[in-house]
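See below for the structure under consideration.
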Amino acid sequence: SQIALNFGKKPAFITNTMPQNTAGEKAEIARVFNFLNLPFFDKTGDNKFTGSAVKNDSLSLLYRPLQAGLVPNVTGMGLRDALYLLENSCVKVRFNGLGKVRLQSIKPGTKASGQVCLIELD
Numbered sequence: 011s012q013i014a015l016n017f018g019k020k021p022a023f024i025t026n027t028m029p030q031n032t033a034g035e036k037a038e039i040a041r042v043f044n045f046l047n048l049p050f051f052d053k054t055g056d057n058k059f060t061g062s063a064v065k066n067d068s069l070s071l072l073y074r075p076l077q078a079g080l081v082p083n084v085t086g087m088g089l090r091d092a093l094y095l096l097e098n099s100c101v102k103v104r105f106n107g108l109g110k111v112r113l114q115s116i117k118p119g120t121k122a123s124g125q126v127c128l129i130e131l132d
């Protein structure tokens with residue numbers, strides 16, 4: 011008989027084991043954190059998209075501004091959320107890799123004018 015992986019006392023939260031650089035739709039991130047029983051502070055107001063931050067042993071969802079006509083910051087997002095935001099900003103997208111966005115070729119806040127943005131996922 012094997013012992014269940016989740017048997018025993020839960021470990022204390024340690025900063026380097028908390029989710030780092032997570033960004034995307036706030037409702038989905040909150041649902042995952044709640045499912046994993048990770049307490050967090052919601053500092054986003056009514057913003058639909060967010061990024062997470064870890065400070066000491068606290069996990070927070072932070073306000074991530076989105077402005078019409080400007081290229082959004084999509085680092086830390088999955089491909090689906092990044093494509094949604096970039097294409098709705100009138101930016102064409104090319105991507106390489108799998109996972110979360112690590113780099114974007116157009117600086118966030120740049121005027122969106124139909125240019126091509128290359129995103130690298132890791």
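In the working numbering, the protein residues as written are 11 to 132. Virtual Cβ for every residue (Gly too), placed ideally from N, Cα, C.
Practice prompt. Confirm, please, whether the CB-CB distance from A122 to G55 is below 8 angstroms.
Written response: no
Discussion item. If I measure Cβ to Cβ from R104 and keep anything under 7 angstroms in the same chain, skipping five residues before and after, which residues do I get?
Written reply: V126, L128
Practice prompt. Provide the residue span of the beta strand (DSSP E) that contains A33, from first to last.
Written response: 33-35
Practice prompt. Mark I13 as exposed unless 16 or more other C-beta atoms lie within 10 angstroms of its C-beta, in which case mark it buried.
Written response: exposed
Practice prompt. Hey, could you find the ends of the alpha helix (DSSP H) L96 is sitting in?
Written response: 89-98
Worksheet item: By the 10 Å Cβ neighbour count, where 16 or more other Cβ atoms means buried, how is P75 classified, buried or exposed?
Response: exposed
Item to complete: Could you please give me the residues that DSSP links to L48 through a beta bridge?
Response: L48 pairs with nothing; no bridge assigned.
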